[in-house]
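See structure below.
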Amino acid sequence: MQDLGRQYLTLESELDQVWKDVASKGSFIGGENVAGFESEFAAYVGAKFCVGVGNGTDALEIALTALSLPPKSEVIVPANSFFATAEAVTNAGHQVVFADVDEDYLMDMEDVAKKITRRTRAIVPVHLYGRPVDILGLREVIGRQKIAIVEDCAQAHGSEINGGNVGSLGDVAAFSFYPGKTLGAFGDAGAVVTNDESIAKQSRLVANHGRVEKYTHIAVGRNSRLDALQAGILRVKLRHLDSWVVRRNGVAEKYRGLLGGVAGVILPRGFDNGMHSYHLFVIRVPRRDKVMRAMLDSGIEVGLHYPEPIHLAAPYRARLGKNVAPRATQYSKEILSLPMNDSMNHAEVETVADALKSALLVSSS
Ligand SMILES: *Cc1c(COP(=O)(O)O)cnc(C)c1O
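Structure below.
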């Protein structure tokens, strides 16, 4: 939920210069924008390596592949996330195991502990809605077992916990720069980020046809590129990311002020162990479908993240049954994502809050 048109207008001349430069040089693939963005983004995240790839789903799959886990390893993912989190595990040749979520809609550590088996080789914490997962806590759960942490940072550009940026805390991390993300390109784009040189090398190999030189292929990889145009756009936007995260926090505070006492509304809990980047502002409400309908009817762009937990989606439901993540299932019927972006002003936040209050009244009559 971004107002991309408005964001573009604030950076119009800088962004236009990017495509003019790329087009006039005729350098559409690779080159200085891609290398430049990779080093700038690694520095931003506080990790040693960044490998630009085609999109966030590829980033997850490439990161998992680069770990060279035994085929059909068990990989734990939260039941409430975008479908791609699980899809990447399946496409990398592994077995998805779903963990339930906690009160903050994030992977529940107690359930993760229960779901670890001898075959578990990786866990994918998702910093959902921009709220960081407690990676130190996850490390404690893992203890001395050989289980990799693959952070899904697709919704968490600019989020921090325990003094570190998300993406620098696990073994490897995947970012998406889909246009609607907090840091978004003008099309699909993604990145693998890591402090581990061999994982970085392996990721680049997988993303680039398994080749080490133009026609020397040492593995079967794929083609997943961050193109020069997207990299150039991202370089411009990266310089504004921190200020956008601050603005999103301002919108969140305003929502809290306006909705704090409203009966039935459950606000996201505050976060005081770093930076919540508020990619989304997700509340729970009674009679959610009616409330949502009423808000959409009054022109407020609310959304659902997500209407169905992944374990209930057709490809997984048959194998796993319904009861693997009861809290995620329950929350999926109550959650509602309010409009949230870096260009919302106070009057707009008030309009949303008023619309929610009247939707709650209408829905109960
Ligand atoms: C958007 C998203 C992805 C996938 O990113 P794409 O760039 O759309 O492929 C993966 N995980 C989460 C949590 C996402 O929100």
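Everything in the sequence shown is counted per our numbering, starting at 7 for the first residue and increasing by one. The beta carbon of each residue, even a glycine, is placed where N, CA and C say it ideally should be. Note that the structure is predicted; figures quoted are calculated from it, not measured.
Lys222 (DSSP reduced to helix, strand or coil): On the sequence shown, position 216 is the one that residue 222 refers to. The residue you asked about is not Lys; residue 222 is Thr in the sequence shown. Judged by DSSP in its simplified three-state form, Thr222 adopts strand.
C-alpha gap between Glu67 and Met301, whole angstroms: Position 61 of the sequence shown, counted from the first residue, corresponds to residue 67. Position 295 of the sequence shown, counted from the first residue, corresponds to residue 301. Their Cα atoms are separated by approximately 37 Å.
DSSP state of Gly153 mapped onto helix, strand, coil: Translated into the one-based positions of the sequence shown, residue 153 becomes position 147. According to the sequence displayed, residue 153 carries Ile and not Gly. Note: Ile153 maps to coil in three-state DSSP.
Counted within 10 angstroms of its Cβ, other Cβ atoms place Ala69 as buried (16 or more) or exposed: On the sequence shown, position 63 is the one that residue 69 refers to. It is buried - the Cβ of Ala69 has at least 16 other Cβ atoms within 10 Å.
Start-to-end residues for the alpha helix (DSSP H) that takes in Ser19: Numbered from 1 along the sequence shown, position 13 holds the residue referred to as residue 19. Its alpha helix (DSSP H) spans residues 18-31.
Leu73 beta carbon less than 9 Å from that of Asp1: Examination of residue 1 is not possible in this model, given that the chain is present from 7 through 371 alone.
Touching by the beta-carbon criterion (3+ pairs, under 8 Å), the segment 78-85 and the segment 206-224: no
C-beta atoms of Met130 and Asp158 nearer than 9 Å: If you number the sequence shown from 1, residue 130 lands on position 124. If you number the sequence shown from 1, residue 158 lands on position 152. Residue identity differs from the one stated: residue 130 is Val in this sequence, not Met. Yes; because the gap between Cβ atoms is below 9 Å, this pair is in contact.
Through-space distance from Glu166 to Phe281, alpha-carbon basis: For the purposes of this step, residue 281 is identified with residue 275 of the sequence shown, where counting begins at 1. For the purposes of this step, residue 166 is identified with residue 160 of the sequence shown, where counting begins at 1. Rather than Phe, the amino acid found at residue 281 in this sequence is Met. Computed Cα separation, rounded: 5 Å.
Top-ranked residue by Cα proximity to Asp64, from Ile155, Ala90, Arg293, Val51: For the purposes of this step, residue 64 is taken as residue 58 along the sequence shown, with counting starting at 1. Cα-wise, what sits closest to Asp64 is Ala90.
Residues bridged to Met113 [DSSP beta-bridge criterion]: Numbered from 1 along the sequence shown, position 107 holds the residue referred to as residue 113. Met113 is bridged to Val107.
Bridge-paired residues (DSSP) for Thr200: By one-based count along the sequence shown, residue 200 stands at place 194. Per DSSP, Phe55.
Any alpha helix (DSSP H) of 4 or more consecutive residues that is wholly inside the segment 125-189: 141-148
Beta-carbon proximity of Val297 to Ala365, cut-off 9 Å: Reading the sequence shown from its first residue, position 291 is the one you call residue 297. Reading the sequence shown from its first residue, position 359 is the one you call residue 365. Going by C-beta atoms, Val297 is nearer than 9 Å to Ala365.
Cβ distance (whole Å) where Phe55 is taken to contact Thr200 below 8 Å: Against the sequence shown, residue 55 aligns to sequence position 49. Against the sequence shown, residue 200 aligns to sequence position 194. Sure, about 5 Å apart at Cβ, within 8 Å.
Beta-bridge pairing of Ile306 - partner residues as DSSP gives them: By 1-based counting over the sequence shown, the position of residue 306 is 300. Ile306 pairs with nothing; no bridge assigned.
Residue burial classification, Asp348 (beta-carbon count within 10 angstroms, cutoff 16): On the sequence shown, residue 348 is found 342 positions in, with the first residue counted as 1. When all chains shown are included, Asp348 counts as buried.
Any 3 or more C-beta pairs closer than 8 Å across the segment 17-35 and the segment 213-227: With the cut-off at 8 Å, the segment 17-35 and the segment 213-227 do not touch.
Val83 - containing beta strand (DSSP E), residue span: Reading the sequence shown from its first residue, position 77 is the one you call residue 83. Note, Val83: beta strand (DSSP E), 80-84.
Straight-line Cα distance separating Glu146 from Lys363: In the sequence shown, residue 363 corresponds to position 357, counting from 1. In the sequence shown, residue 146 corresponds to position 140, counting from 1. Rounded to whole angstroms, Lys363 to Glu146 spans 42 Å at the Cα level.
Distance, Val51 Cα to Lys31 Cα: Within the sequence shown, the letter at position 25 stands for residue 31. Within the sequence shown, the letter at position 45 stands for residue 51. So the alpha carbons of these two residues sit roughly 29 Å apart.
Of the residues His285, Gly149, Gly276, Phe104, the one placed nearest Met350, counting alpha carbons only: Looking up residue 350 in the sequence shown gives position 344. Of His285, Gly149, Gly276, Phe104, the residue nearest in Cα terms is His285.
Backbone CA spacing between Leu142 and Leu265 [nearest angstrom]: As a position in the sequence shown, residue 142 is number 136, starting the count at 1. As a position in the sequence shown, residue 265 is number 259, starting the count at 1. Rounded to whole angstroms, Leu142 to Leu265 spans 32 Å at the Cα level.
Rounded C-alpha distance that separates Glu116 from Ala334: Here the question's residue 116 lines up with position 110 in the sequence shown. Here the question's residue 334 lines up with position 328 in the sequence shown. One C-alpha to the other measures close to 14 Å.
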